[in-house]
Amino acid sequence: MLNTFNTTNLDCPGELSFPVDMQNLYATSTDELVKANPKMAMAVVNQDSGHILGVHTSSYQIVSHKEVWDSIAQGITQTSLPKDITVEYQTTDPFASAFRADFIFNDLVIEPKVDDIIKYRIRFYNSYDGTFSINIQAEGLRLWCLNGCTTPHTVSSWRARHTRNVSVDAISNKIMAALNVFHNHKEIYQDWMQTPLDMFAVNQAFIKVCKYKSVTGKIKTNEKMLHNLSNTLEKEIDQHGRNLWALYNCLTYWQSHVDQTKQNPTLTEFNRRQTVVKMLGKDYGLGFYN
Numbered sequence: 536m537l538n539t540f541n542t543t544n545l546d547c548p549g550e551l552s553f554p555v556d557m558q559n560l561y562a563t564s565t566d567e568l569v570k571a572n573p574k575m576a577m578a579v580v581n582q583d584s585g586h587i588l589g590v591h592t593s594s595y596q597i598v599s600h601k602e603v604w605d606s607i608a609q610g611i612t613q614t615s616l617p618k619d620i621t622v623e624y625q626t627t628d629p630f631a632s633a634f635r636a637d638f639i640f641n642d643l644v645i646e647p648k649v650d651d652i653i654k655y656r657i658r659f660y661n662s663y664d665g666t667f668s669i670n671i672q673a674e675g676l677r678l679w680c681l682n683g684c685t686t687p688h689t690v691s692s693w694r695a696r697h698t699r700n701v702s703v704d705a706i707s708n709k710i711m712a713a714l715n716v717f718h719n720h721k722e723i724y725q726d727w728m729q730t731p732l733d734m735f736a737v738n739q740a741f742i743k744v745c746k747y748k749s750v751t752g753k754i755k756t757n758e759k760m761l762h763n764l765s766n767t768l769e770k771e772i773d774q775h776g777r778n779l780w781a782l783y784n785c786l787t788y789w790q791s792h793v794d795q796t797k798q799n800p801t802l803t804e805f806n807r808r809q810t811v812v813k814m815l816g817k818d819y820g821l822g823f824y825n
C-alpha cells in the first residue's frame, strides 16, 4: 500500500520505526533444538513482534529503516532546499521487511516551461530480507510536456550493502551536497557536467592526498585510501559520465565516509573536508575553478 502525505515534519513513520536485532537460528532435530552456526545463518528479528524479517550470515550489518530515514531527513534540514515536501512510502509486505520512500520537493518554479526541473525527488530503499541494498537517489524531475509529464534526471545516487563499514550518514551527506549545488548553483552544475576529466591530473591529485609520513620519517602512499578513492570515482563515472560532476560526487562522499572504529574519526572527517576544499581550488588543477 502506498502512503502519501504533505508535511514539513519528516519523522520516520511508526510502521518503519520498530527495533530490530540479530538473533541465533535453531533447527529441530527430533526433540532437540540445534543452534545454527552464526557464520551460516542468523535471523533479523522485529524486537516488538518477534517476527523474523530476514536470514543472513553473521557478517550482515543491520542498518534500520529508521536510521536510513532519519539520516536523510536530518540532511534535508541542513540544506536550503524548499521545505514543502510530499512524502510517499511503500512496504513490500505487512511486516515492513523492505520499503521504498520518496521525498518530493514541490513548487520549485511558478510558471514551468518544457525542460525545466519542476521538482526534486529523493528516493531511497532499505530492507532486512535482502530485497534491496541501501539505495539513495537524488533526482530532478524534468518537465517534458506541459500536461505535467516528467522524466527523472539523476543528480546523485549511491548504493551500499549491509556490511560493517557502511555509513548511511556519509551517503546522505554526499547526496545532499550534490542536490544543494544543483539547486543553488545550476550554472556550476551544468559546467561541471560538461567538463571532461583530466584523468592524469585526477590520479596525481589522488596520490598527493594519499601521501603520509611514516613513524620513520619516510613518505609513503596509503594504498587502501587510494584504492577507495579510485573505486568511488569509477562508480560515479558509471552514473554521471567522465566529468567533473562525477569527481565532485566522489570527493563529497569520501570526505564524510570515515571509519568510526578508527581513532578520532571526527578529526579525520575535519581534515578530509579541508583537503576537499583545496582539491576544488586552482592549486590542484582539476578544473573546478579555473
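The opening position of the sequence shown corresponds to residue 536 in this note's numbering, with each subsequent residue numbered one higher.
Glycine included, C-beta positions come from ideal geometry on N, C-alpha and C.
Alpha helix (DSSP H) segment containing I721, residue limits: Counting from one through the sequence shown, the residue named residue 721 turns up at place 186. The identity of residue 721 in the sequence shown is Lys, whereas the question assumes Ile. From DSSP, the alpha helix (DSSP H) with K721 extends over K721 to Q729.
Contact belief for A705 with H792 at Cβ below 8 Å, rounded distance in angstroms: Looking up residue 705 in the sequence shown gives position 170. Looking up residue 792 in the sequence shown gives position 257. Correct: roughly 4 Å between the Cβ atoms.
Start and end residues, beta strand (DSSP E) containing F640: The sequence position of residue 640 within the sequence shown is 105, counting from 1. Taken as a continuous stretch (DSSP letters only), the beta strand (DSSP E) holding F640 covers A633 to F640.
L616 to L761 span [Cα, whole Å]: Taking the sequence shown and counting its residues from 1, the one referred to as residue 616 is at position 81. Taking the sequence shown and counting its residues from 1, the one referred to as residue 761 is at position 226. Approximately 33 Å between the Cα atoms of the pair.
Residues near S691 by beta carbon distance below 6 Å, same chain, minus five either side: For the purposes of this step, residue 691 is taken as residue 156 along the sequence shown, with counting starting at 1. Closer than 6 Å at the Cβ level, and outside the excluded window around S691, lie A673, I710, A713 and N784.
As assigned by DSSP and simplified to three states, the class of G549: For the purposes of this step, residue 549 is taken as residue 14 along the sequence shown, with counting starting at 1. In this structure, G549 counts as helix in the three-state DSSP scheme.
Assigned secondary structure, R807 (DSSP; H/G/I helix, E/B strand, else coil): Working through the sequence shown from its first residue, we reach residue 807 at position 272. R807: helix per DSSP, three-state reduction.
Per-residue DSSP class, three states only, for V580: Here the question's residue 580 lines up with position 45 in the sequence shown. Three-state DSSP puts V580 in a strand.
Neighbourhood of E804 by C-beta distance below 8 Å, restricted to the same chain and skipping five residues each side: Indexing the sequence shown from 1 puts residue 804 at position 269. Closer than 8 Å at Cβ, skipping near neighbours: Q790, S791 and V793.
Three-way DSSP call (helix, strand, coil) for T751 in this model: The count along the sequence shown starts at 1 and reaches residue 751 at position 216. T751 falls in the coil class under three-state DSSP.
Distance between beta carbons of M577 and M557, contact taken as under 8 Å: Within the sequence shown, numbered from 1, the residue matching residue 557 stands at position 22. Within the sequence shown, numbered from 1, the residue matching residue 577 stands at position 42. The pair is a contact, with the Cβ atoms about 5 Å apart (cut-off 8 Å).
Segment contact flag, the stretch 749-756 with the stretch 653-673, C-beta cutoff 8 Å, min 3 pairs: no
Status (buried if at least 16 other CB within 10 Å, exposed otherwise) for K654: Along the sequence shown, read from residue 1 onward, the residue named residue 654 stands at position 119. Buried.
Contact under 8 Å by Cβ, E623 with T539: Looking up residue 623 in the sequence shown gives position 88. Looking up residue 539 in the sequence shown gives position 4. Their beta carbons are under 8 Å apart, which means E623 touches T539 by this criterion.
Stretch-stretch touch, CB-based, cutoff 8 Å, three pairs: the stretch 772-786 with the stretch 731-751: yes
Q613, DSSP secondary structure in three states: Start at 1 with the first residue of the sequence shown, and residue 613 comes out as number 78. Coil at Q613, not helix or strand.
Rounded straight-line distance, which links the Cα of V569 to that of T689: For the purposes of this step, residue 689 is taken as residue 154 along the sequence shown, with counting starting at 1. For the purposes of this step, residue 569 is taken as residue 34 along the sequence shown, with counting starting at 1. Approximately 49 Å between the Cα atoms of the pair.
Segment limits, beta strand (DSSP E) that includes A562: Sequence index remark: in the sequence shown, residue 562 carries index 27 (1-based). Where A562 is concerned, the enclosing beta strand (DSSP E) stretches over Y561 to S564.
Start-to-end residues for the alpha helix (DSSP H) that takes in T767: Counted from its first residue, the sequence shown places residue 767 at position 232. Here the alpha helix (DSSP H) through T767 covers E758 to H775.
With 16 other Cβ atoms within 10 Å as the buried cut-off, status of Y561: As a first step, residue 561 is located in the sequence shown; it is residue number 26 there, counting from the start. Its Cβ having fewer than 16 others within 10 Å, Y561 is exposed.
DSSP-derived helix/strand/coil call for D794: Position 259 of the sequence shown, counting from 1, holds the residue named residue 794. Three-state result, D794: coil.
Cβ-based neighbour list, T614, same chain, cut-off 6 Å, excluding 5 preceding and 5 following: Against the sequence shown, residue 614 aligns to sequence position 79. Contacts found: M711 and N715.
Through-space distance from D664 to I607, alpha-carbon basis: As a position in the sequence shown, residue 607 is number 72, starting the count at 1. As a position in the sequence shown, residue 664 is number 129, starting the count at 1. Computed Cα separation, rounded: 22 Å.
For S765, the nearest candidate out of L786, Y747 and R656 (CA to CA): The residue you call residue 765 lines up with position 230 of the sequence shown. Nearest C-alpha to S765: L786.
Any C-beta of chain D under 8 Å from that of I706: Absent from the structure is chain D; it holds one protein chain and no more.
Opposing strand residues paired with T689 [DSSP bridges]: Position 154 of the sequence shown, counted from the start, is the residue given in the question as residue 689. Answer is E674.
Host alpha helix (DSSP H) of I742 (start-end): Walking along the sequence shown from the start, residue 742 turns up at place 207. Counting along the chain, the alpha helix (DSSP H) containing I742 begins and ends at M734 to V744.
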